[in-house]
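See structure below.
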Amino acid sequence: MTPISHTPRYLAILLAMFAVVPWSFAAPPAPPSNLVAEDAPDDVGDQVNLSWDAAPGEVAGYNIYRKVVVGDQISGASQLESVGEETTGVTEPVMPEGPDGPVRIEDLSFADDEPIASISGGETVYLDENVEPGTSYMYAVQAVSKTLEVSPLAITEVPVTPRWDWINKSKLWFLFIMVTISSVVILFVLIAKSGRKVKVRKIAGLEAVNEAVGRATEMGRSCLFVPGILDINDIQTVAGLTVLSNVAKTAAKYDAKLEVPTARSLVMTAARETVQGSFLSAGRPDAYNEDDIYYLTDEQFGYTAGVQGKMVRDKPAACFYMGAFYAESLILAETGNSIGAIQVAGTAMPSQLPFFVAACDYTLIGEEFFAASAYLSGDPEQLGSLKGQDMGKLIAAILIVLGCLFSTLFVVTQNQKLGEIAAYISENILGEEGLALNDKQVAGIKMEMVQYEKDQAFAQTMEQSKKTFLESQKAKAEMIQSRDANEQDAQGGEGK
Amino acid sequence: MIAKRTIPLLLAAIVGFLMLATYFVPETESYGATAMEMFIIISAAAMILGGGNLLKINLAKMSQRRPGWGYAGITLAAFIGTLIIGLFKIGATPTAAVPGHSWAAPIVQEGAPFWWIYQYMIVPLTATMFAMLAFYIASAAFRAFRAKNPEAILLLATAFIVLLGQVYAGYWLTNFLPNLQHLVDILPESDHAFAMIVGTQLEGGAAWWQVNYDGLSFAQFTTLQQEIVINMDASLNDWFWQFLNGLRLENLSDIIGEVPQKAGFRAIVIGIALGVVSTSLKVILGVDRSYLGSE
Chain A
6 MTPISHTPRY
16 LAILLAMFAV
26 VPWSFAAPPA
36 PPSNLVAEDA
46 PDDVGDQVNL
56 SWDAAPGEVA
66 GYNIYRKVVV
76 GDQISGASQL
86 ESVGEETTGV
96 TEPVMPEGPD
106 GPVRIEDLSF
116 ADDEPIASIS
126 GGETVYLDEN
136 VEPGTSYMYA
146 VQAVSKTLEV
156 SPLAITEVPV
166 TPRWDWINKS
176 KLWFLFIMVT
186 ISSVVILFVL
196 IAKSGRKVKV
206 RKIAGLEAVN
216 EAVGRATEMG
226 RSCLFVPGIL
236 DINDIQTVAG
246 LTVLSNVAKT
256 AAKYDAKLEV
266 PTARSLVMTA
276 ARETVQGSFL
286 SAGRPDAYNE
296 DDIYYLTDEQ
306 FGYTAGVQGK
316 MVRDKPAACF
326 YMGAFYAESL
336 ILAETGNSIG
346 AIQVAGTAMP
356 SQLPFFVAAC
366 DYTLIGEEFF
376 AASAYLSGDP
386 EQLGSLKGQD
396 MGKLIAAILI
406 VLGCLFSTLF
416 VVTQNQKLGE
426 IAAYISENIL
436 GEEGLALNDK
446 QVAGIKMEMV
456 QYEKDQAFAQ
466 TMEQSKKTFL
476 ESQKAKAEMI
486 QSRDANEQDA
496 QGGEGK
Chain B
137 MIAKRTIPLL
147 LAAIVGFLML
157 ATYFVPETES
167 YGATAMEMFI
177 IISAAAMILG
187 GGNLLKINLA
197 KMSQRRPGWG
207 YAGITLAAFI
217 GTLIIGLFKI
227 GATPTAAVPG
237 HSWAAPIVQE
247 GAPFWWIYQY
257 MIVPLTATMF
267 AMLAFYIASA
277 AFRAFRAKNP
287 EAILLLATAF
297 IVLLGQVYAG
307 YWLTNFLPNL
317 QHLVDILPES
327 DHAFAMIVGT
337 QLEGGAAWWQ
347 VNYDGLSFAQ
357 FTTLQQEIVI
367 NMDASLNDWF
377 WQFLNGLRLE
387 NLSDIIGEVP
397 QKAGFRAIVI
407 GIALGVVSTS
417 LKVILGVDRS
427 YLGSE
C-alpha cells in the first residue's frame, strides 16, 4: 500500500527531528580564555580578583570554582597538591593525594565541586570576597550556554595567595602630604605657644560678630544662631559649634538672648554643652537657659520653615548661619534680610556661598569659616594652626605650578622624562598610583608619544593632500571658467 | 571635670585617629565601620532627647499661651499623630508570614496611612518650600545686582551675561555674530544636513580628515563634500572667526562657567580642604576644645 495516508505523520516526525537536532546536537560552548586570578591590592587578604576573556559565541553565564591548594611557591606544576575545598567555612579534604604522589596541576579536577558563584554572561570579572589570607587557591571558570550546556573548565595557571596589606600603598603619597601638613600645623602651634606673635589678617565677617551681638543687645532683641542641617559627625557642624562658643560668650557678656534651633538631636545636646560652658566662662551661668537651644526636626524644609517662622515672629536683630547648608541657605538668609537683621554666614559648601554672599552682610568663605574659632578666641595655639594652613596652601600652589609646567613641557617637547614627571605628579602624588611609576603608566606615556608622532605624520600627509586637492580644485575651476569664456566668445562670433 | 572634659577629649582623639587610620590601614576599616554604627545608634537614641525636647518646648508654649501657641498645637498634633501611626503601623496590611498583626508589616507600605502621610503631606509641603526658593533667588538677585561699586558692577555684568546666555534672548541678541549655522546657511540646502553634522564634529575638536557622515569617512566623501569639509574647517579654525564666535552670549556664558568660575571654585575647595585638615587636627589633638564649652 502506498503510504500516502501516513505522509503527514512522517512529515511531522521529520520536522520534529529537524527542530530537535540543532538543540540536542548543539556543541557545548568554548571555555573562556586568559583566566587570571590576582590578589586584590590594599586589603586584609580577604579578596581575590578574577578576570578572563569572554568565551566566543553566545554565553548565558559563567560558573566559578575555587579550590584550596598547598604550595603556592611552586617551581613546577608537579609540586602542586590539592588538599581540600572550603565550602561552608570548614575545610574538608576532597582531593586526596593521588596514588602516584601529589596531584599535578593539569590533573586538578573540579568535576565534583559546586560552583562558588554563577554570574551572567556579560561579565568577565569576579571579586571573590570569601578567602583567607595566606591560603593558596586555584580557580576555574566554565561558560554556560542558554541550553545549560557547559564548556570545559578554564583553570588558572598558577595558584593565588591573598596577602594581608598593612597599609594601603596607593594612598602613601596622600598620607605623606597629610602628615607634612599636620606636622607644620603642630609646629606652628608649638611656635605660637612659645610666645611668638602670630599675625593674622583681619576677617571682616568675624569682626562683625561682636558688633552684631552688641546691636541685638541695644535693640533689646535676640540673636539667632543656626548651626546648619547636618549632624555632629560633619566637621562643618563642629566648626559651627566652635563659633557658637564665641558668640555665646559675647552674648553672655552683653546679656543678650541667644537662640539656637537645631536640626539634629545630637547637635542640640552638643550646642547646649557649648553654650553652657561659654556662659560659665563669661561669669554668667545664671543667664543660661537650656530651652533656648532646642530641636525642631531632621526634615530639611520642615526645619527651614520652623526657623523662618521664628525669624518672622521674633525678629532677631542678629542672625548667624554657621555650618553645612543646602537649598535652605537662601530661604533663611533672605528671610533674615527681610526682617532687617544683621547677618553673618559661614559655610564650606561652595554651592551655597553665592547665596550667602548675596543675602548676608558678611560671609566667611570656606577656610575663613574654619579659621573663625582661632580668630575669635585669639588663642595663640589656635592662631598658630592658621599659619600651618598657609604652608599647606603653599604646597598646593607648588604642586599646581609644577604640574602645569611639566604637562605643558611634555606636550611641547614630547620628552618621555617630562611626561613621566607630569604623570607622577597627577597620578601618584595627587592620585592613587602609589609611590613609584608603574609599567602601565610608562606604557601609557610611550603610547601617547607614539600616537602623537603618528598624528603629526598623518596630519602632515593630510595637509599635503589637502593642498593638492585645493590646487586641483582651483585648476578645475579655472579650466571651467576659461571653457565658459571660450564658449561665450564662440557664441559671440557666431552671432556676429 | 574628667567626665565633662577629659573623657570626651579622649574619645574624640581615639575615634578621630581611628577614622583617619581607616583610610590608610585596611585592617582598621572594620573598626571604622563599627565606630560609624555606634554613631548611628547614639544618634538614634538621641532622637528620644530631640522628641522629648520638642514636646517640652511646645507644651510649655501652649500652656503659657505664648504668641504662636496655635502653631505649637499643630506641631504637637502632627508629631504625635505621625509617631503613633508610624510606630504601631496603624492601617498597614499584615504580611502573609504574620497574618493578623499589622505591626509586622513593612515600615513603608504603599497605601498604608504612614505612607499616605509621607506621600501626600510631607512631599507636597517640602516641594512647596523648595518652590519658594525661586522667589527668594529673584529678590536676592535684585539686591545683589545693584551697581553700588566696581565689584558690584562686575558682578552685575557677569550675571547679566550668564543669565542671558541660558535663554533664547541671549541667542537672539548676538545671533549676528558668526556660528556654525551661518556657515551652513551659505551652502545649498541639499548640503545643510551634511554640513551641520561634520561642522559639529569639527567644532568638537575633530581634524578635518577624521570627520565622518552616514558611516562614510572623509576619503569616501564626494569631491564636493570634501571641499565643504575643508572650507568649513578653515573657517572654524580661523582665530578671528573664533574670537567673534566666542562673543556670542551663549558661548561667553559657557566660558565664564568653565574658566574663571571653575578656577575660583577650585581655589575655594583647596582652602576648604586645608581648613578641614586643620580643624580636624585641632579637635583630635584637643587644641580646640570650644565645642565642649569654653576653657
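Here the protein sequences line up with chains A and B, keeping their order.
With positions in the first sequence counted from 1, the corresponding number in the numbering used here is that position plus 5.
With positions in the second sequence counted from 1, the corresponding number in the numbering used here is that position plus 136.
Think of the CB as a built atom: it goes at the ideal place given N, C-alpha and C, for glycine as much as any other residue.
Since we're looking at a predicted model, the values are computed, not measured.
### Query
Hey, Met-155(B) and Ala-180(B): beta-carbon distance below 9 angstroms or not?
For the purposes of this step, residue 155(B) is taken as the residue at position 19 of the second sequence. For the purposes of this step, residue 180(B) is taken as the residue at position 44 of the second sequence. Judged by beta-carbon spacing, Ala-180(B) lies beyond the 9 angstroms limit of Met-155(B), meaning their Cβ atoms are not closer than that value.
### Message
Between Phe-474(A) and chain B, is the shortest Cβ-Cβ distance under 9 angstroms, so that the two count as touching?
### Response
As a working note, residue 474(A) is residue 469 in the first sequence. For Phe-474(A), the answer is yes, since a Cβ of chain B falls inside 9 angstroms of its Cβ.
### Query
How about Ala-338(A) and Phe-361(A): do their beta carbons lie closer than 9 angstroms?
Along the first sequence, one-based indexing puts residue 338(A) at 333. Along the first sequence, one-based indexing puts residue 361(A) at 356. Contact flag set, yes.
### Query
Between Gly-382(B) and chain A, is there a C-beta pair that is closer than 9 angstroms?
Position 246 of the second sequence, counting from 1, holds the residue named residue 382(B). Judged by the 9 angstroms Cβ criterion, Gly-382(B) is not in contact with chain A.
#### Entry: Cys-324(A) classed as buried or exposed, judged by whether at least 16 other C-beta atoms fall within 10 angstroms
For this step, residue 324(A) is matched to residue 319 along the first sequence. With 16 or more other Cβ atoms inside 10 Å of its own Cβ, Cys-324(A) counts as buried.
### Query
When the Cα atoms are used, what is the spatial distance from Lys-198(A) to Leu-428(B)?
Walking along the first sequence from the start, residue 198(A) turns up at place 193. Walking along the second sequence from the start, residue 428(B) turns up at place 292. Distance between the alpha carbons of Lys-198(A) and Leu-428(B): 21 angstroms.
### Query
Can you tell me whether Met-174(B) is buried or exposed, with buried defined as 16 or more other CB within 10 angstroms of its CB?
Within the second sequence, the letter at position 38 stands for residue 174(B). Classification of Met-174(B): exposed, given that the 10 Å Cβ count is below 16.
### Query
With a CB to CB cut of under 7 angstroms and the five nearest residues on each side skipped, what residues in its chain are close to Gly-345(A)?
Looking up residue 345(A) in the first sequence gives position 340. There are no such residues.
### Query
So is Ser-179(B) in contact with chain A if we call contact Cβ pairs under 9 angstroms?
In the second sequence, residue 179(B) corresponds to position 43, counting from 1. Yes - at least one Cβ of chain A is within 9 angstroms of the one on Ser-179(B).
### Task
Measure the Cβ-Cβ separation of Trp-171(A) and Pro-162(B) and say whether it is below 9 angstroms.
Residue mapping note: residue 171(A) aligns to position 166 of the first sequence, counting from 1. Residue mapping note: residue 162(B) aligns to position 26 of the second sequence, counting from 1. With respect to the 9 angstroms criterion, Trp-171(A) and Pro-162(B) are classified as neighbours on the basis of their beta carbons.
### Query
Given a threshold of 16 other Cβ atoms within 10 Å of its Cβ, counted over all protein chains shown, does Leu-352(B) qualify as buried or as exposed?
As a first step, residue 352(B) is located in the second sequence; it is residue number 216 there, counting from the start. Around the Cβ of Leu-352(B), a 10 Å sphere holds fewer than 16 other Cβ atoms; the residue is exposed.
### Message
For Gly-103(A), which residues in the same chain have their Cβ closer than 6 angstroms to its Cβ, ignoring the five residues on either side in sequence?
### Response
Residue 103(A) sits at position 98 when you count from the first residue of the first sequence. Residue placement at Gly-103(A) is flagged as unreliable, the pLDDT there being 45, under the threshold of 50; the coordinate-derived value follows with that caveat. So the list is empty, once near-sequence residues are dropped.
### contact_flag[the region 271-287 of chain A, the region 302-309 of chain A] where n(CB pairs < 8 angstroms) is 3 or more
No, they do not touch.
### Beta carbon proximity, Val-53(A) to chain B, threshold 9 angstroms
Mapped onto the first sequence, residue 53(A) falls at position 48. Under the 9 angstroms criterion on CB atoms, Val-53(A) is classed as non-interfacial with respect to chain B.
### Query
Helix, strand or coil: which one does DSSP assign to Gln-232(B)?
Here the question's residue 232(B) lines up with position 96 in the second sequence. Rather than Gln, the amino acid found at residue 232(B) in this sequence is Ala. Residue state for Ala-232(B) is assigned as coil, using DSSP reduced to three classes.
### Query
What does DSSP give as the partner residues of Arg-71(A) in its beta bridges?
As a working note, residue 71(A) is residue 66 in the first sequence. Note: Arg-71(A) sits in a beta bridge opposite Tyr-144(A).
### Query
Gln-348(A) by DSSP, collapsed to three states: which one?
In the first sequence, counting from the first residue as 1, residue 348(A) sits at position 343. Looking at Gln-348(A) - three-state DSSP - the assignment turns out to be strand.
### Message
For a test of the three-state rule: what should DSSP assign to Ser-123(A), helix, strand or coil?
### Response
Within the first sequence, the letter at position 118 stands for residue 123(A). The DSSP-derived three-state label of Ser-123(A) is strand.
### Message
Strictly under 9 angstroms for the Cβ-Cβ distance: is Tyr-70(A) near chain B by that measure?
### Response
Position 65 of the first sequence, counting from 1, holds the residue named residue 70(A). It does not; no Cβ of chain B falls within 9 angstroms.
### Message
Does Gly-106(A) pass the burial test, meaning 16 or more other C-beta atoms within 10 Å, or should it be called exposed?
### Response
As a first step, residue 106(A) is located in the first sequence; it is residue number 101 there, counting from the start. Any answer about Gly-106(A) is weak, because its pLDDT of 48 lies below 50 and its placement is not dependable; what the coordinates show is given next. The Cβ neighbour count for Gly-106(A), taken over all protein chains shown within 10 Å, is under 16; the residue is labelled exposed.
### Message
Just to confirm, is the Cβ distance from Val-205(A) to Leu-388(A) under 9 angstroms?
### Response
In the first sequence, residue 205(A) corresponds to position 200, counting from 1. In the first sequence, residue 388(A) corresponds to position 383, counting from 1. Yes, the pair counts as a contact, with Cβ atoms nearer than the cut-off.
### Query
Exposed or buried, which one is Ala-364(A) when buried takes at least 16 other CB atoms within 10 Å?
On the first sequence, residue 364(A) is found 359 positions in, with the first residue counted as 1. With 16 or more Cβ atoms within 10 Å of its Cβ, Ala-364(A) is classed as buried.
### Message
Tell me which residues share the same chain as Phe-375(A) and place their Cβ nearer than 6 angstroms to its Cβ, disregarding the 5 neighbours each side in the sequence.
### Response
As a first step, residue 375(A) must be located in the first sequence, where it is residue number 370. Around Phe-375(A): Ala-244.
### Proximity of Tyr-300(A) and Pro-321(A) at Cβ, strictly below 9 angstroms
By 1-based counting over the first sequence, the position of residue 300(A) is 295. By 1-based counting over the first sequence, the position of residue 321(A) is 316. Cβ atoms of Tyr-300(A) and Pro-321(A): not closer than 9 angstroms.
### Message
Please report whether the beta-carbon of Leu-440(A) lies at a distance below 9 angstroms from any beta-carbon of chain B.
### Response
Numbered from its first residue, the first sequence carries residue 440(A) at position 435. For Leu-440(A), no Cβ of chain B is located within less than 9 angstroms of the residue's own Cβ.
### Query
Per DSSP, what kind of secondary structure is Asn-348(B) in: helix, strand or coil?
Position 212 of the second sequence, counted from the first residue, corresponds to residue 348(B). Three-state result, Asn-348(B): strand.
### Task
Determine the direct distance from the alpha carbon of Ala-276(B) to that of Tyr-326(A), and round the result to whole angstroms.
Position 321 of the first sequence, counted from the start, is the residue given in the question as residue 326(A). Position 140 of the second sequence, counted from the start, is the residue given in the question as residue 276(B). When rounded, the distance between both Cα atoms is 17 angstroms.
### Task
Using a cut-off of 7 angstroms between C-beta atoms, extract the partners of Pro-355(A) located in chain B.
Within the first sequence, numbered from 1, the residue matching residue 355(A) stands at position 350. By Cβ distance, chain B contributes Phe-401, Ile-404 and Val-405.
### Task
Please classify Thr-242(A): is it buried, with 16 or more other beta-carbons within 10 angstroms of its beta-carbon, or exposed?
Along the first sequence, read from residue 1 onward, the residue named residue 242(A) stands at position 237. Of the other Cβ atoms in all chains shown, 16 or more fall within 10 Å of the Cβ of Thr-242(A); this residue is therefore buried.
### Query
Is any heavy atom of the ligand FMN found at a distance shorter than 8 angstroms from the C-beta of Val-244(B)?
In terms of ligand content, the structure shown is empty, and the ligand FMN therefore cannot be addressed.
### Query
DSSP on Glu-264(A), reduced to helix/strand/coil?
Taking the first residue of the first sequence as position 1, residue 264(A) is located at position 259. Strand at Glu-264(A).
### Task
With 9 angstroms as the threshold, decide whether the Cβ of Leu-4(A) is near any Cβ in chain B.
The structure shown does not extend to residue 4(A), since chain A is modelled only from 6 to 501, so the question has no answer here.
### Query
Is the region 415-430 of chain A touching the region 446-465 of chain A, taking contact as three or more C-beta pairs under 8 angstroms?
These segments touch.
### Message
For a test of the three-state rule: what should DSSP assign to Asn-54(A), helix, strand or coil?
### Response
The residue you call residue 54(A) lines up with position 49 of the first sequence. Asn-54(A): strand per DSSP, three-state reduction.
### Query
Would you report the Cα separation of Leu-271(A) and Ile-143(B), rounded to the nearest angstrom?
For the purposes of this step, residue 271(A) is taken as residue 266 along the first sequence, with counting starting at 1. For the purposes of this step, residue 143(B) is taken as residue 7 along the second sequence, with counting starting at 1. The alpha-carbon atoms of Leu-271(A) and Ile-143(B) are separated by roughly 17 angstroms.
### Query
Roughly how many angstroms separate the alpha carbons of Asp-77(A) and Arg-402(B), rounded to a whole number?
Sequence index remark: in the first sequence, residue 77(A) carries index 72 (1-based). Sequence index remark: in the second sequence, residue 402(B) carries index 266 (1-based). Note on Asp-77(A): pLDDT 42, under 50, position unreliable in the model; no value is reported.
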